[in-house]
Structures are given as structure tokens and as C-alpha cells.
Amino acid sequence: MVGVFFLYKANAGISTEHDPKRMTQVAGRSWTDLKVTTRRASIPEGLWLGCPSCEKMIYRKRMEANLHVCPECSHHFRIGAKERVRQLTDPDSFEPMFTELRTSDPLSFVDRKKYPERMAAEQKRTGQTEAVQAGAAFIKGRAVMLCCLDLTFMMGSMGSVVGEAVTRSIETALDRDLPLIIVSCSGGARMQESGLSLMQMAKTSAALARFDDASGLFISVLTDPTTGGVTASFAMLGDVILAEPNALIGFAGPRVIQNTIRQELPEGFQRAESLLAGGMVDRVAPRRELRNEIARIIDYAGK
Amino acid sequence: MATTYQLPFEKSVVEIEAQLERLGADVLRAEGDGEPPKKEQTAEIKKLERERKRVLKRAYGELSPWDTVRVARHPKRPQMRDYIDLIFKDFCELHGDRRFGEDPALVTGFARLGSIKCLVVGHHKGRTTEEKLACHFGCAHPEGYRKALAKMKLAEKFGLPIVTLVDTPGAYPGMGAEQRGQAEAIAVNLREMSRLKTPIVSVIIGEGGSGGALGIAVADRVAMLEHAWYSVISPEGCAAILWKTANEENNQAAAVALSLTAKDNLRLKIVDAIIAEPVGGAHRDAAGAAEGLRKWLTERLRELKRFKPENLPRRRYERFRRLGEFEEVAAAEASDGG
Numbered sequence: 251m252v253g254v255f256f257l258y259k260a261n262a263g264i265s266t267e268h269d270p271k272r273m274t275q276v277a278g279r280s281w282t283d284l285k286v287t288t289r290r291a292s293i294p295e296g297l298w299l300g301c302p303s304c305e306k307m308i309y310r311k312r313m314e315a316n317l318h319v320c321p322e323c324s325h326h327f328r329i330g331a332k333e334r335v336r337q338l339t340d341p342d343s344f345e346p347m348f349t350e351l352r353t354s355d356p357l358s359f360v361d362r363k364k365y366p367e368r369m370a371a372e373q374k375r376t377g378q379t380e381a382v383q384a385g386a387a388f389i390k391g392r393a394v395m396l397c398c399l400d401l402t403f404m405m406g407s408m409g410s411v412v413g414e415a416v417t418r419s420i421e422t423a424l425d426r427d428l429p430l431i432i433v434s435c436s437g438g439a440r441m442q443e444s445g446l447s448l449m450q451m452a453k454t455s456a457a458l459a460r461f462d463d464a465s466g467l468f469i470s471v472l473t474d475p476t477t478g479g480v481t482a483s484f485a486m487l488g489d490v491i492l493a494e495p496n497a498l499i500g501f502a503g504p505r506v507i508q509n510t511i512r513q514e515l516p517e518g519f520q521r522a523e524s525l526l527a528g529g530m531v532d533r534v535a536p537r538r539e540l541r542n543e544i545a546r547i548i549d550y551a552g553k
Numbered sequence: 002m003a004t005t006y007q008l009p010f011e012k013s014v015v016e017i018e019a020q021l022e023r024l025g026a027d028v029l030r031a032e033g034d035g036e037p038p039k040k041e042q043t044a045e046i047k048k049l050e051r052e053r054k055r056v057l058k059r060a061y062g063e064l065s066p067w068d069t070v071r072v073a074r075h076p077k078r079p080q081m082r083d084y085i086d087l088i089f090k091d092f093c094e095l096h097g098d099r100r101f102g103e104d105p106a107l108v109t110g111f112a113r114l115g116s117i118k119c120l121v122v123g124h125h126k127g128r129t130t131e132e133k134l135a136c137h138f139g140c141a142h143p144e145g146y147r148k149a150l151a152k153m154k155l156a157e158k159f160g161l162p163i164v165t166l167v168d169t170p171g172a173y174p175g176m177g178a179e180q181r182g183q184a185e186a187i188a189v190n191l192r193e194m195s196r197l198k199t200p201i202v203s204v205i206i207g208e209g210g211s212g213g214a215l216g217i218a219v220a221d222r223v224a225m226l227e228h229a230w231y232s233v234i235s236p237e238g239c240a241a242i243l244w245k246t247a248n249e250e251n252n253q254a255a256a257v258a259l260s261l262t263a264k265d266n267l268r269l270k271i272v273d274a275i276i277a278e279p280v281g282g283a284h285r286d287a288a289g290a291a292e293g294l295r296k297w298l299t300e301r302l303r304e305l306k307r308f309k310p311e312n313l314p315r316r317r318y319e320r321f322r323r324l325g326e327f328e329e330v331a332a333a334e335a336s337d338g339g
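Those protein sequences? They're chains A and B, same order as listed.
Mapping of the first sequence onto this note's numbering: residues 251 to 553, in sequence order.
Mapping of the second sequence onto this note's numbering: residues 2 to 339, in sequence order.
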């Protein structure tokens, strides 16, 4: 057992780009990816993994079959947008949209690495072009406009492309008279596009005002983590707001708050359950219930 | 005249100013003794004044982005309440969000700009230590944003245009603020400001820190004072995340990378205009800065008065809808990238 645990630890840092501690929870690879990328087939890479919540060793396949939820303690692992779409929508019903959008580098942003290089590395690592998947779909037979942010791509941060995809999703929902579902998980507005990222907050929120004027139904699903500019714009503007259990939801990150107030934060602070208790979200919905929850709300409030 | 708070690039200016002050004191003393000022003294003063202006013009003409941030944070820089005193008349402050409390970091009230009756909304940082602490250095809580929106809805109801003055490092990152829904308060402001049927003009007068700034800046016309900054994150915050440590060198680099100056924001079409400051910055001449602000605000409010209030939200939406830069590839290429 110890040996297996070691192997898991060695593989834990899926991404080299981000703080490994923050990324270990991301189920970055599905089982099929794993088989393709593992050259030394004799090493059972990542077959087992330790649950960060109950610390039990769990069989990865079993966890994945359980919607990426720990079968022992119901810890919800972070998932990418493609997996989210697969979980939420009726089989083969998802029609991807706005895939023509590509990130440019309007600021010629350079930190320790150039923004286009950072993007290229993320694209290579994830096989995706940006941190969002949007499209028309069916959820339990109900037509919806679905937009999912992708945490596995640059921490799900919102730049011009994500903001545009969210805005177009809202506009499409308005044009086609569809309920709008946005699944959020994000580190916030993307620093590499600075002011333009900030403006996406205003753009998406203003689009939601029009959708609201047209009596459109917007169900916002908050997942772990939803922070910063995404929370402070469309994510908190749902007519109905659902949150996954134990999801971190807030404006400022816990570390920033801790540095400001210089005291320990209470247990469960900024977690879905405490937001529910504080009146900030409508329901905490376990992942296996999400489809049912969304369908039920559409039946009550959708057109 | 001399500033006690010395910015590194102002060193030579401060030396000249000290000399000027000494000379001025000499002249005054001589006058007190009934002696007229000596010719060479007046000539010297004139020369130094010319020199001061020249040096200031040069230093402020080529401020680095990080220096801009420092000027925007200068303790003597005019604040929202200074501008209220300088350019508005009969300010009638309105307090409280009617839900939780009163946030002194966000000030709202009726006022007159010349003959124009309006609602003024703005962040206030505070001057004295006591006031700064009460205002959390200009970092507003959810109750501040909710107060702002409640008063803006009043303005809409009574057909008053809205002027917002932005000056905040960011929304307050604290426990109470989070628990009372900081994110929700800002988000609702963004949505509701976009559909207020009354003219809104915003000016970033000092610091435009992220969502906390934008929370009162969804306007028909947005301007920045020349040495203000406006960005998604402060240079220190950005340096701490992307460079792993916030130190002088990284802050400078982050300030450059973030394109946070008025010129950058104008280029990116995030703001519509830059309001020039007096030579040497608003902290040297508050009245001069206020005059520029007054002029721009008056012109814009007169311009916006011509539109029907019910048409303003559509125009405002179009203004923000355009923002963002990206490319669009052909459909065939898009499908395999998805």
C-alpha cells in the first residue's frame, strides 16, 4: 500500500504550470488519456489515488465511474468542462458552439513567460483552445443552453474569449428562448488580459440584464472553486443558484483574506454549506443530483 | 507648496521647491523689515520657478506605470470629498443601504454641478488615520455597493443623472464582507447599472482596483484622470501571483504588463477619455485638477441629456458588449480545436 501511495504522490503534480497543491484535486486525465500517454505500461500510473478528504486510497476507475466523487466520503473531485458536459447532458445531445473563438494577446503580456507561450502550453497539455465549453444541449429531455467553465485550463480564468463565449451563450439562450445553465469554476478574471478581462464582468452581467428583462431562466451552478471576477459577475446572478457540496465560493481568496485580517478563518468559511446557511445560494446539490435538480427547476420556471 | 511625501522621481523637484521656500522666506522677512525684495532675489525665484516647471514637466511626461500607481496613491492627491467641495454645490449626503449598515468607504448624495442636479457616488479613502481606518482605505463592503445601487435607483426614479468617482484599491477582502455577499453585491451593481434609465458618467480619479472599482463604473461615458490607474488587479497582487513575490522590481514589471495607465486604457477602449492633470499631478494643484474634471463632467452630462433615458441602456450595453479582443477562425479549423 505504501508503494502505491508513493506512486500516486509522484504523479500528483499533473501540471507544472500551477501550484501543484491546488491542482492535485483536478482529475486532469481521464482513464483513456492515461492509457495513451503512459509509455511504460508496466507501471500502473494513477490506478489508485488518495482522497484528499477522507485520505482513503480509492480506485481511480471507481471514482470516475461515480462522477468523480469519492465512493467512500462523497468528496467531489474537480472536473474539467468536457467531463462536466458529459455528466450533465443527455448522451450525444451536446452541440458545441463558439469554438471559433481564439485568444489573442492584446496587451503583449509578459510575466515570467509570454502569454501566447503560456496559452500554447496549456493548449498542448489540455487539448483545448480555451477555458470554456458552450453549446446547446438536452438535460433529461429539456432543451438548454449550457456553458461550462474549465478549471483545468489556466484555472478557468476569464479573459476575452471566456467572456465572449459566456455572453454569446446568454444571447443564444435569449434568441432561442432556452433556459441558460452556466457551470462556474474559476480563479477569477484573467490577469494576462488585465482591463479587458475586467470588462468581461460588465459585459456578461449586462447581457444577463437583457436576458432577465426577457424573463429568461438562468440557473447558475457553482462548483469548486468559484472566486474573483467570475463570482462577482454572472456566477452570482442566477435566478436560482445551485452549489456543489463543499465548493469554495467567494470574491477574495481565503489567503488574501487571511493576510488582511491576520487571523485564522473559521472551519467551512466560504464553503457551499456556509453560503447556504448565510443565505447566499438556493440549494447545495450533490453531483449525482445535478441533472435532476436542473430539470426540476426548468419544469417550475422555464418557458 | 513643497510636498513632504517624496516620490523618487520627484527628488530634484523637491530640492528646487526647498530652495524656493527658503528664498521666499528671505523675501518675506526683508519685507517685514520694510525692505523691498532685491533684484537678484526676484530673478532667482523666477529662474527657479521656471526650472521647477521644466523638471516637473519632464518627470511627469514620462512616468513609468509603477510611478503612475504611486502618484495615484499619493497621500495628498485630491479625494472624492475634495472634488465634492471643489466642484459641486449643496452636497446632500445620503447614508445607509437599508439592509445592514452604513459604509463610509462609499459616499453617495445629491449635489449640483453648476446648474445640473445630479447624484454623486464615489469611493472615499480618508485623510486622517481615524478616517482611513473607518473607510478601510477606500475598500468598500457589500453594504457600500448596495447603498450605491439603492441611491442610483433613486436617481433613476427622479430623473437625475449619476456621476461616479472611482478611487479604490479594490473591494474589501474580509470575513464579514464575504459573508454578506461581496461578490453578489458587485455583480448586482454591474447588472443593474447596465439598465438604469438615466445618464451615468464615471471617472477613475485615483485607483481603479478591479471589481471594486467596476462596481460603480458601468457608465455611458468613462474617463480617467491622467495619473490614475485602472486594472483587473493591483501590480502587487499580480506580482505575488505571477512572479511569486511582490517586491519593487516585480511590482514594476507587473505594472508594465497590466497596461493600467490612462493611455493604455484609452487604447484598449476601456475608457473614452483622459482628463489632463496640472503639471506635476493633481496633488500639486487640486483646484486645477478639479477644473478639468468639472469641465469634462459638465460636457458629458449635457451631451447625454440629449438622449431619451429609455434608450440609454441599449447604448450602454453596446459600449460594453464591444469590449474584449479575440480572433475568430474558420469553422473547419474550429471543430477540431473544440
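Using N, Cα and C, we set each Cβ at its ideal position, and we do this for glycine too.
Counted within 10 angstroms of its Cβ, other Cβ atoms place ALA331 of chain B as buried (16 or more) or exposed
Taking the second sequence and counting its residues from 1, one reaches residue 331 of chain B at position 330. Exposed.
If you draw a straight line from the C-alpha of ARG323 of chain B to the C-alpha of ALA551 of chain A, how long is it?
As a first step, residue 323 of chain B must be located in the second sequence, where it is residue number 322. As a first step, residue 551 of chain A must be located in the first sequence, where it is residue number 301. The straight-line gap from Cα to Cα measures roughly 31 Å.
Name, going along the chain, the residues of the region 328 to 362 of chain A whose beta-carbon falls closer than 7 Å to a beta-carbon of chain B.
PRO346, THR349, GLU350, LEU351, ARG352, THR353, SER354, PRO356, LEU357, PHE359, VAL360, ASP361 and ARG362
Could you check what DSSP says for ALA384 of chain A in three-state terms: helix, strand or coil?
Within the first sequence, numbered from 1, the residue matching residue 384 of chain A stands at position 134. Three-state DSSP puts ALA384 of chain A in a strand.
Alpha carbon of ARG418 of chain A to alpha carbon of VAL108 of chain B, nearest angstrom:
Position 168 of the first sequence holds residue 418 of chain A. Position 107 of the second sequence holds residue 108 of chain B. Each residue's Cα considered, the two are about 35 Å apart.
Label ILE275 of chain B either buried or exposed according to how many other C-beta atoms from any shown protein chain fall within 10 Å of its C-beta, with 16 as the threshold for buried.
Against the second sequence, residue 275 of chain B aligns to sequence position 274. The residue is buried, with at least 16 neighbouring Cβ atoms inside 10 Å.
Establish whether the CB of GLU18 of chain B and some CB of chain A are separated by less than 7 Å.
Mapped onto the second sequence, residue 18 of chain B falls at position 17. No, GLU18 of chain B lies away from the interface with chain A (no Cβ there is under 7 Å from its Cβ).
Anything in the region 158 to 189 of chain B with a Cβ closer than 9 Å to a Cβ of chain A? List those residues in chain order, please.
GLY171, ALA172, TYR173, PRO174, GLY175, MET176, ALA178, GLU179, GLN180, ARG181, GLY182, GLN183, ALA184, GLU185, ALA186, ILE187, ALA188 and VAL189
When the cut-off is 7 Å and only beta carbons count, does GLY339 of chain B lie next to chain A?
Within the second sequence, the letter at position 338 stands for residue 339 of chain B. For GLY339 of chain B, the predicted structure reports a pLDDT of 43, less than 50, and the residue's modelled location is therefore unreliable. The matter cannot be settled from this model.
CB contact below 7 Å: MET408 of chain A versus chain E:
The displayed structure is made up of protein chains A and B, and chain E is not among them.
Would a check of beta-carbon distances place CYS239 of chain B closer than 7 Å to chain A?
Counting from one through the second sequence, the residue named residue 239 of chain B turns up at place 238. Interface residue, yes.
What first and last residue would you give for the alpha helix (DSSP H) that runs through TYR557 of chain A?
Outside the modelled stretch of chain A, which goes from 251 to 553, sits residue 557 of chain A, for which no answer is possible.
Alpha-carbon to alpha-carbon, PRO310 of chain B and LYS158 of chain B
Taking the first residue of the second sequence as position 1, residue 158 of chain B is located at position 157. Taking the first residue of the second sequence as position 1, residue 310 of chain B is located at position 309. Rounded to whole angstroms, LYS158 of chain B to PRO310 of chain B spans 11 Å at the Cα level.
Would you tell me roughly how many angstroms separate the C-alpha atoms of GLY330 of chain A and LEU401 of chain A, rounded to the nearest one?
For the purposes of this step, residue 330 of chain A is identified with residue 80 of the first sequence, where counting begins at 1. For the purposes of this step, residue 401 of chain A is identified with residue 151 of the first sequence, where counting begins at 1. When rounded, the distance between both Cα atoms is 6 Å.
Considering only their Cβ atoms, is the gap separating SER444 of chain A from VAL164 of chain B smaller than 7 Å?
Within the second sequence, numbered from 1, the residue matching residue 164 of chain B stands at position 163. Within the first sequence, numbered from 1, the residue matching residue 444 of chain A stands at position 194. No. Outside cutoff.
Three-state secondary structure assigned by DSSP to PRO341 of chain A
For the purposes of this step, residue 341 of chain A is taken as the residue at position 91 of the first sequence. DSSP places PRO341 of chain A in coil when its eight states are reduced to three.
At a CB distance below 7 Å, what residues from the region 206 to 235 of chain B approach chain A? Give them in sequence order.
SER211, GLY212, LEU215, VAL219, TYR231, SER232, VAL233 and ILE234
Of all the CB atoms in chain A, is at least one closer than 7 Å to the CB of SER65 of chain B?
As a working note, residue 65 of chain B is residue 64 in the second sequence. By this cut-off, SER65 of chain B is not an interface position.
Going by the CB atoms, is the gap between ILE507 of chain A and PRO174 of chain B shorter than 7 Å?
In the second sequence, residue 174 of chain B corresponds to position 173, counting from 1. In the first sequence, residue 507 of chain A corresponds to position 257, counting from 1. Yes; because the gap between Cβ atoms is below 7 Å, this pair is in contact.
Where DSSP assigns a beta bridge to LYS340 of chain B, which residues make up the other side?
Outside the shown range of chain B (2 to 339) lies residue 340 of chain B, about which nothing can therefore be said.
Cβ-Cβ distance between MET451 of chain A and THR422 of chain A below 7 Å
For the purposes of this step, residue 451 of chain A is taken as the residue at position 201 of the first sequence. For the purposes of this step, residue 422 of chain A is taken as the residue at position 172 of the first sequence. No, they are not a contact pair.
If you measure beta-carbon to beta-carbon, which residues of the region 254 to 282 of chain B are closer than 8 Å to chain A?
ALA254, ALA255, ALA258, LEU259, SER260, LEU261, ASP265, ASN266, LEU269 and ILE271
Tell me the DSSP secondary structure of ASP34 of chain B in three-state form.
Here the question's residue 34 of chain B lines up with position 33 in the second sequence. Here ASP34 of chain B sits in coil by DSSP.
Go to ILE548 of chain A, then tell me how far its alpha helix (DSSP H) extends in each direction, as first and last residue.
Counting from one through the first sequence, the residue named residue 548 of chain A turns up at place 298. From DSSP, the alpha helix (DSSP H) with ILE548 of chain A extends over 540 to 551.
Between the region 321 to 336 of chain A and the region 375 to 392 of chain A, are three or more C-beta pairs nearer than 8 Å?
yes
Against chain A, which members of the region 103 to 127 of chain B pass a CB distance test of less than 9 Å?
none
Would you say the region 447 to 461 of chain A touches the region 409 to 418 of chain A, given that touching needs at least three Cβ pairs under 8 Å?
yes
Tell me which residues share the same chain as ARG222 of chain B and place their Cβ nearer than 6 Å to its Cβ, disregarding the 5 neighbours each side in the sequence.
Numbered from its first residue, the second sequence carries residue 222 of chain B at position 221. VAL202, ASP273 and ARG301, listed in sequence order.
Rounded separation between VAL319 of chain A and ILE308 of chain A - CA only
Indexing the first sequence from 1 puts residue 319 of chain A at position 69. Indexing the first sequence from 1 puts residue 308 of chain A at position 58. Their backbone Cα atoms lie some 10 Å apart in a straight line.
List the residues of chain A that ALA332 of chain B touches, going by C-beta distances under 8 Å, in chain order.
Mapped onto the second sequence, residue 332 of chain B falls at position 331. GLU350, listed in chain order.
Would you kindly work out how many angstroms separate the C-alpha atoms of GLY123 of chain B and SER235 of chain B, rounded to a whole number?
Along the second sequence, one-based indexing puts residue 123 of chain B at 122. Along the second sequence, one-based indexing puts residue 235 of chain B at 234. Using only the alpha carbons, I get a separation of about 19 Å.
Step through the CB atoms of chain A and report whether any lies within less than 7 Å of the CB of SER203 of chain B.
By one-based count along the second sequence, residue 203 of chain B stands at place 202. No, no contact with chain A.
Find the residues of chain A that neighbour PHE138 of chain B, judging by a C-beta separation of less than 9 Å, and give them in chain order.
What you label residue 138 of chain B is simply residue 137 of the second sequence in a count that begins at 1. Near PHE138 of chain B there are no residues of chain A at all, since even the closest Cβ is about 11 Å away, more than 9 Å.
Between the region 281 to 314 of chain B and chain A, which residues of the former have CB atoms less than 9 Å from a CB of the latter, in chain order?
PRO314
Closest to VAL433 of chain A by C-alpha separation, out of A:PRO475, A:LYS374 and A:MET404, would be which residue?
Position 183 of the first sequence, counted from the start, is the residue given in the question as residue 433 of chain A. The option with the nearest alpha carbon to VAL433 of chain A is A:PRO475.
Would you kindly check if the distance between the Cβ of ALA485 of chain A and the Cβ of LEU467 of chain A is under 7 Å?
Translated into the one-based positions of the first sequence, residue 467 of chain A becomes position 217. Translated into the one-based positions of the first sequence, residue 485 of chain A becomes position 235. Contact: no.
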